[in-house]
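Take a look at the structure below.
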Amino acid sequence: MVTHTSARPLGNGFGYSRASGAEAESITREIVLRVERTSDMKPFNMKPILCSCLLGSMLILGGCWDRTEINDLAFASGASFDLTKDGQYLLSLQLAIPGAGPAGVGGGQGEKFFVLSAAGRNANEAFEMIQKKSSRRLFTAHRSVIFIGESLGRHGINDVLDVFAHDPRQRLKTYIMVVKGQEGKKILETKYPFEQVPIESIKELEGLRTELSVTLRDYFISASSQGISPVMGVIETEDESQGGEENSNRLFKQAGSAVFKDAKLVGYLDGKETCGFLWATDRMRFGRLNANLPNGQGNIGMLLSHANRRMKTYIDGDKVKVVIQIEGKGSLVENNSPLDISRPKNRALAEKEFEKSVQDLVERVVAKLQKKYRVDSLGIGQEIYRNHPKVWKRLQSEWETKFPEAEVVTTVKLTIEGVGMAGPPLQLKDKEIIK
């Protein structure tokens, strides 16, 4: 019979220790017994586990199980929301026609798009109704612009925009615009000569940033922030008649900006006022500026290369004073005057007139927002909230009445860095040039 001994370590932690003959024999016997016991155990069956893992991986790794072929999709390039007479929301989608040829048999131009519309109690229901009219699954990830009809804008847009905040398939980089004076659907139905799908041209116009460009993300940030009301770009259609023909081309153009208060459209800023708004809100980066010289000496034009705005707020009791400091640089691109702008004295005169032009634009838009609309779209309240949070807690509830009373001072400093290829106009004689 074998006598079992207690288990003991085979080493000292750093290497094997020396042992006597009896101790070595005892250790050897113990190892043999452990090996015999292990060999008597039944082997563990791994087949059921392997089969389960294999079946599970087939379900998880099947990457194409829910794929949709491109031929089964209807791509929406643009959308619009309008208000129907019975108070429902009318959703319209501009859909690209796949494989549309450039011309028909008779030489006529082939259609590249069509518009589907449906009404519902909310945007989700209207979208579902449009899907019932389409033989292909609607795909909206390529949608670049959303239009809001004027009637819906004045009614309120919170209900139609909520879906874009919750649905992860919606892109917040999508531009959003108000259609001035008509339904948004009219824009979707308007053809544009430069692009096969008209909405692409509006996307390019917004990308040029010649006027106010606002995305869904921009709107949601302004709407949810304290001390500022959101704005949107504006689009409208116009007729381009050709030689007195009965049929004329309907084009669309950017037409200023739309002012919102409590998610409702309250009014518009025209093109010049929008330019002043861009200066006042630090959104002006590049652009063209024009000014008239005194005493009927003509006008000059400037191409901006840099612009910057700083806003400072001062609180004295219940009185609010705001200083808007504007700086800019650029080059002279047009000189319809007898002045030689390369001369320091004349350059200083031109800079002064440019500064006066910008100041007039800013003061004009500030007066309209304060006196007519009584809406802080400039973000003055937001600046107070950031720099004077304790004061903002006191003014927040009555900011609607305090904003029109705020004193706003504008200072402008513009620098002409270059005068072009020539200081004076080349078509003038030397004696006609004012040096």
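Quick note: the sequence shown, position 121, residue 121 per full-length UniProt numbering, numbers continuous.
We treat Cβ as the ideally placed atom computed from N, Cα and C, and that holds for glycine.
- Assignment of methionine 311 by DSSP, reduced to helix, strand and coil, places it in the strand class.
- Here methionine 302 really is in contact with valine 333; their C-beta atoms are around 7 Å apart, less than 8 Å.
- Boundaries of the alpha helix (DSSP H) harbouring isoleucine 384: 380 to 387, taken from the DSSP string.
- For secondary structure counted as the alpha helix (DSSP H) over 4 or more consecutive residues, the segment 120 to 146 holds these complete runs in sequence order: 123 to 131.
- Counted as a single uninterrupted DSSP element, the beta strand (DSSP E) harbouring threonine 410 occupies residues 407 to 418.
- In the structure shown, the three-state DSSP call for isoleucine 202 is helix.
- Annotated three-state conformation of phenylalanine 220 is helix, per DSSP.
- When the alpha-carbon of lysine 180 is set against those of Asn336, Asp360, Glu236 and Phe403, the nearest one is in Glu236.
- Below 8 Å, enough C-beta pairs join the segment 160 to 175 and the segment 206 to 225 to call them touching: three or more.
- Annotated three-state conformation of lysine 180 is coil, per DSSP.
- When DSSP states are grouped into helix, strand and coil, isoleucine 324 belongs to the strand group.
- Taking the Cα of serine 134 as reference, the smallest distance to any Cα among Arg394, Ser144, Ile97 and Ala141 is reached at Ile97.
- In this structure, Leu339 is the residue among Leu378, Asp282, Leu339 and Pro389 with its C-alpha nearest to the C-alpha of asparagine 295.
- Looking at the DSSP output, asparagine 290 sits in a beta bridge with Gly301.
- DSSP, reduced to helix, strand and coil, places glutamate 334 within a strand of the structure shown.
- In this structure, valine 214 lies away from tyrosine 268, with their beta-carbon atoms at least 8 Å apart.
- Where valine 266 is concerned, the enclosing beta strand (DSSP E) starts and stops at 264 to 269.
- For tyrosine 373, the secondary structure class from DSSP, reduced to helix, strand or coil, is helix.
- Distances from the CA of glycine 328 to each of Lys173, Ile416, Ala255 and Asp167 were compared; the closest alpha carbon is that of Ile416.
- Glycine 276 carries a helical assignment under DSSP once its states are collapsed to helix, strand and coil.
- Checking the DSSP bridge columns, you'll see alanine 165 has no partner listed.
- Under DSSP, glutamine 94 forms a beta bridge with Gly78 and Val115.
- Spatial neighbours of histidine 388 in its own chain (CB-CB distance under 8 Å, excluding positions within 5 residues in sequence) are listed in chain order as Thr313 and Ile315.
- In this structure, glycine 256 and threonine 274 form a Cβ contact; the two beta carbons are roughly 5 Å apart against a cut-off of 8 Å.
- DSSP places glycine 227 in no alpha helix (DSSP H); its state is neither H nor E.
- Taking the Cβ atoms as the reference, isoleucine 146 lies roughly 5 Å from isoleucine 176, within the contact range of under 8 Å.
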